Amino acid sequence: MAVPVNNGIKYVKDTPYRGKDVWYFIQSTDPKVAPIGSPAILPAHQESGDTSIEGDSLDEQTKMGRVVAASTNEDSIELTSYMVPGDTANDIIIDAKHNGRQVKVWRVIVDERLAVVEGDHKAYPAMFGYGVVDSADISDEDSFSEMDFTLNIIGKLADKNADGTPGTFPLSDDQVAALSELYDYERPGEKQGEFADGVVTTTTTTKASTTTTTTTHHD
């Protein structure tokens, strides 16, 4: 009689990471725009990001039953964000579409539970790929102008380094804080002007300190 097999179960009890904690970064592949050492670009005011892990499979019926096998990878990333003056992400996407350039893209999970320390900063789990702009739609409705674009990934999204270690994206604590905060606290009179979506239109004023020295003479 065969011995019944019971290998148990494995599960996790924790809260899921939030969609708002997943950020997408892009970078141009034009060496004149993004030479070695250039930073990644965060498309401003991201509304939603969708990553599709898809692909075709071979599917045939035989006398012995259905035969299914993996065939191709067809990963893609779709991102929607509002259009903000000075945001070069819009220019990168339009340039790539018009001139047939590829675009580098990262999907980063900015959750402290997943962070690893790398010296003076932390790194977060990320997927990376080279994408071809399938479409870029600009919507100018009676609201904020927005852009929706789709990147078809060449090959498949990579989440491992060449040595097999998990792929990560470096971010300092200040950068993480800046992702979710539009502006920092300021005191009265410290700056002038309006807030304009992070664009530095305010002027920081610094008053020269005046030191008064009082000398007391003792008779």
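Numbering-wise (my numbering), the sequence shown opens with residue 157 and increments by one. Where is the CB? At the ideal position from N, CA and C, for every residue including glycine. Quick caveat: nothing in here was measured; it's all calculated off a predicted structure.
- Rounded to the nearest angstrom, the gap between the Cα atoms of GLY275 and ASP296 is 44 Å.
- In summary, ALA318 is exposed, with fewer than 16 beta-carbon neighbours lying within 10 Å of its beta-carbon over all protein chains present.
- Approximately 18 Å separates the beta-carbon atoms of VAL272 and LEU335; this is outside 8 Å, ruling out the contact.
- According to DSSP, residue pairing for ASP293 in a beta bridge involves ASP304.
- In its chain, beyond the 5 residues on either side, THR236 have a beta carbon closer than 6 Å to the beta carbon of SER204.
- Nearest to SER301 by C-alpha distance, out of ASN163, GLN183 and MET239, is MET239.
- The beta-bridge partner set that DSSP reports for GLU216 consists of VAL223.
- In the structure shown, LYS347 falls within a strand segment according to DSSP collapsed to helix, strand and coil.
- For the region 243-271, the continuous beta strand (DSSP E) assignments of 3+ residues that do not extend past its boundaries occur at 258-265, in sequence order.
- Contact between PHE305 and VAL289 holds: CB atoms are separated by about 6 Å, below the 8 Å threshold.
- With a contact defined as Cβ atoms closer than 8 Å, THR324 and ALA282 qualify at about 6 Å.
- The closest CA to that of TYR286, considering only ASN163, ALA252, TRP179 and VAL223, is found on ALA252.
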